[in-house]
Amino acid sequence: MNWFNTLAEQIKNTFSDLYTNISEFVIDLARQFEIAFIVDDRWKYIVSGIGSTLLLTFLSLILGVVIGIIIAAIRATHDKQIDEMHPGIGKSLLKFANGFCRCYLTIFRGTPVMVQILIIFFVIMASSRNKMLCGVIAFGLNSAAYVAEIIRGGIMSIDPGQTEAGRSLGLSYVQTMAYIVLPQAFKNILPSLANEFITLLKETSIAGYVGVTDITRGANIIRGITYQSFWPLFAIAAIYLGMVMFFTWLVDLLERRFKNSER
Amino acid sequence: MNVNNDVLISVRDLKKHYRGHKIKALDGVSNDIKRGEVVVLIGPSGSGKSTFLRSLNLLEIPTEGSITFEGKVITDKKVDINLCRQKMGMVFQHFNLFPHMTVMKNITLAPMKVLKKSQEEAEARAMELLSRVGLADRAESYPSQLSGGQKQRIAIVRAMAMDPDVILFDEPTSALDPEMVGEVLDLMKSLADDGMTMVIVTHEMNFARKVADRIIFMSDGLICEEGTPEQFFTNPNHPKLKQFLQSIL
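So the protein sequences, as listed, match chains A and B. Okay, so the first sequence: first residue is 1 according to the numbering used here, each after it adds one. Okay, so the second sequence: first residue is 1 according to the numbering used here, each after it adds one.
Encoded structure:
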């Protein structure tokens with residue numbers, strides 16, 4: 001039975017090597033974790049980064065929605081009304097505004113957001129030291145272009161018969177929009193708008209390039225100090241994923257609410 | 001039929017051509033619609049009858065010509081069209097009820113927002129009209145919970161709630177299942193009997209024969225023939241009308 005003992009010995013050695021390796025690896029990871037987050041309270045870079053990321057995303061979306069509504073209103077009014085308008089200053093003005101909005105959409109949807117944020121920070125707002133403000137303006141202007149098309153799509157998706165019915169009752173164009181078209185369009189718009197928010201949340205990860213200390217920037221700072229990449233990067237990946245999953249869940253909930261209220 | 005000689009809508013040489021189309025949808029239409037009159041427009045599809053009807057409250061903007069309503073030239077751009085539309089109800093082929101509002105809200109929206117009636121006043125009037133059409137129990141329903149015939153009766157009530165001087169009907173029974181056509185036509189007949197001025201585009205020839213004071217036959221954007229139902233059906237003159245009547249009767 002000598003061969004059996006030899007084999008057993010070999011297996012034992014192999015596993016013990018493996019065991020040693022694994023435990024060393026785990027201990028190593030734990031040590032790296034400590035260096036990355038615990039020493040000098042470095043986790044604060046990440047946590048404060050979450051705040052910055054969310055703030056940047058919320059403010060950008062608010063700016064984007066406000067500008068987006070204005071652009072969508074101009075574009076939709078132009079598309080629906082221009083043929084009915086009598087020639088005059090109002091018609092010329094609307095045509096000009098529509099042309100301007102179309103240029104805006106083409107430029108902001110046709111260039112990378114990264115380039116836009118660099119231009120805003122280093123060229124247009126070069127004298128401003130408020131990095132968060134620069135970020136909000138850059139992402140807000142970019143997001144406005146997408147939000148505008150979402151809202152316009154929502155408005156145009158409503159049957160023209162609804163507008164005709166409203167107008168035939170003597171309601172003005174604005175009243176028809178406010179009481180009849182927009183409440184119905186809102187249902188179609190909301191899920192897309194929520195998705196735009198989620199996209200924006202991920203896109204803000206480049207804000208670090210102009211010095212906004214968001215989570216990605218926080219992770220990069222830790223990498224710079226500790227020369228450790230594993231934990232900071234996987235940690236923020238998990239945090240982004242967690243936030244996206246949370247907001248997706250919230251959107252689903254909202255959508256289901258709307259579906260239930262729909263008769 | 002209490003038709004008098006008071007002209008309510010006067011149409012003169014109305015033309016409409018759509019951009020990019022060679023054929024004119026309306027090619028010079030003139031007509032007078034008197035107060036209390038029930039006018040039925042018939043004609044093959046593409047004859048311009050719907051375009052004519054929709055021009056009367058400027059849902060279609062005519063290219064040329066004039067429309068005078070209650071003494072005001074509404075095709076003049078200085079006239080506030082919203083003010084005129086209050087007095088011209090319209091009923092659509094596809095009902096166009098507002099799906100996000102209850103029946104009651106559908107009916108009271110315009111009286112409250114346009115005529116500035118109080119909610120109680122508007123709702124009282126709405127209930128009165130709903131009872132008349134036998135749908136008082138549906139006040140809190142949503143349009144999607146109603147049958148086609150019920151929807152169209154509600155749409156008629158919505159137009160009536162504005163106390164209009166004329167109601168325009170754009171193929172009001174064309175989208176209905178056959179068994180629901182009757183209830184809508186009955187309501188329209190009772191409106192006609194009450195002396196409401198009505199302009200109706202329809203394919204319901206029996207209804208036209210019974211209810212119309214005057215029938216207008218249109219083809220290729222022109223009025224080919226008009227007359228009382230009697231002379232219209234018993235003694236048609238225009239070859240196109242003869243052909244049309246042959247094809248549908």
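Ideal Cβ positions, reconstructed from N, Cα and C, are used throughout, including at glycine. Given the structure is predicted, the values throughout are model-derived calculations rather than measurements.
- With distances taken between CA atoms, B:Lys49 lies nearest to B:Ser30 out of B:Glu120, B:Ser30, B:Ala136, B:Leu109.
- Residue pairing from DSSP places B:Thr197 in a beta bridge opposite B:Val166.
- Contact between B:Gly65 and B:Leu14 holds, since their C-beta atoms are separated by about 4 Å, short of 8 Å.
- Contacts between A:Pro183 and chain B, judged by CB atoms closer than 7 Å, involve His100 in chain order.
- The beta carbon of A:Phe197 sits closer than 6 Å to the beta carbons of Leu61 from its chain, once the five residues preceding and following it are set aside; these are given in chain order.
- A direct Cα-Cα distance of roughly 34 Å separates B:Ile216 from A:Pro87.
- Distance from B:Ile67 to B:Ile74 at the Cβ level is roughly 5 Å; contact confirmed, criterion being Cβ atoms closer than 8 Å.
- Taking a C-beta distance under 8 Å as the contact criterion, B:Arg158 and B:Val184 do not qualify as a contact pair.
- Going by C-alpha positions, B:Lys189 is about 46 Å away from A:Lys95.
- Contact residues of the segment 107-139 of chain B toward chain A are Leu109, Ala110, Lys113, Val114 (C-beta to C-beta distance below 7 Å).
- Judged by their CB atoms, A:Gly170 and B:Val114 are nearer to each other than the 8 Å cut-off.
- Under the Cβ distance rule, B:Met90 counts among the residues neighbouring chain A, one pair being separated by less than 8 Å.
- Counting C-beta atoms within 10 angstroms of its own C-beta, A:Lys131 has 16 or more neighbours from the protein chains shown and is therefore classed as buried.
- For the pair A:Phe258 and A:Lys187, the CB atoms are nearer than the 8 Å cut-off.
- Burial state of A:Glu9 is exposed, judged by a 10 Å Cβ sphere holding fewer than 16 other Cβ atoms.
- By the C-beta criterion, the segment 167-182 of chain A is judged to be in contact with the segment 108-128 of chain B, since at least 3 inter-stretch pairs fall below 8 Å.
- The Cβ atoms of B:Ile200 and B:Val11 do not sit closer than 8 Å to each other.
- Taking A:Phe37 as reference, the option from A:Met245, A:Glu84, A:Ile236 with the minimal CA-CA separation is A:Ile236.
- With contacts defined by Cβ atoms closer than 8 Å, B:Leu129 and B:Ala139 do not form a contacting pair.
- Contacts with chain B (Cβ-Cβ distance below 7 Å) from the segment 159-192 of chain A involve Gly161, Gln162, Glu164, Ala165, Arg167, Ser168, Leu169, Gly170, Leu171, Ser172, Gln175, Tyr179, Ile180, Pro183, Gln184, listed in chain order.
- Under the three-state reduction of DSSP output, B:Lys49 falls in the helix class.
- DSSP places B:Thr68 inside the beta strand (DSSP E), whose first and last residues are 64-69.
- Here A:Gly140 carries a helix assignment [DSSP, helix/strand/coil].
- Note that the segment 98-109 of chain A does not touch the segment 243-255 of chain A; fewer than 3 beta-carbon pairs, one per stretch, sit closer than 8 Å.
- Where A:Met114 is concerned, the enclosing alpha helix (DSSP H) starts and stops at 113-119.
- Excluding five sequence positions before and after A:Leu250, the CB atoms of its chain that fall closer than 8 Å to its own CB belong to Ala194, given in chain order.
- Straight across, the Cα-Cα distance linking A:Arg217 with A:Met177 is about 43 Å.
- Note on geometry: alpha-carbon atoms of B:Gly227 and B:Phe95 lie some 29 Å from one another.
- Contact residues of the segment 160-172 of chain B toward chain A are Met162 (C-beta to C-beta distance below 7 Å).
- Our two residues, B:Ser47 and B:Cys224, have alpha carbons roughly 10 Å apart in a direct line.
- With respect to B:Thr108, B:Ala126 sits close: the two C-beta atoms are nearer than 8 Å.
- For B:Asn31, the three-state secondary structure derived from DSSP is strand.
- Here the segment 38-48 of chain A makes no contact with the segment 136-145 of chain A; the two share fewer than three CB pairs at distances below 8 Å.
- With a threshold of 8 Å between beta carbons, B:Ile215 makes no contact with chain A.
- Nearest to A:Leu59 by alpha-carbon distance, out of A:Ile180, A:Thr213, A:Phe234, A:Val136, is A:Val136.
- Proximity of chain A to B:Leu59 at the Cβ level (cut-off 8 Å) is accounted for by Glu164, Arg167, Ser168, in chain order.
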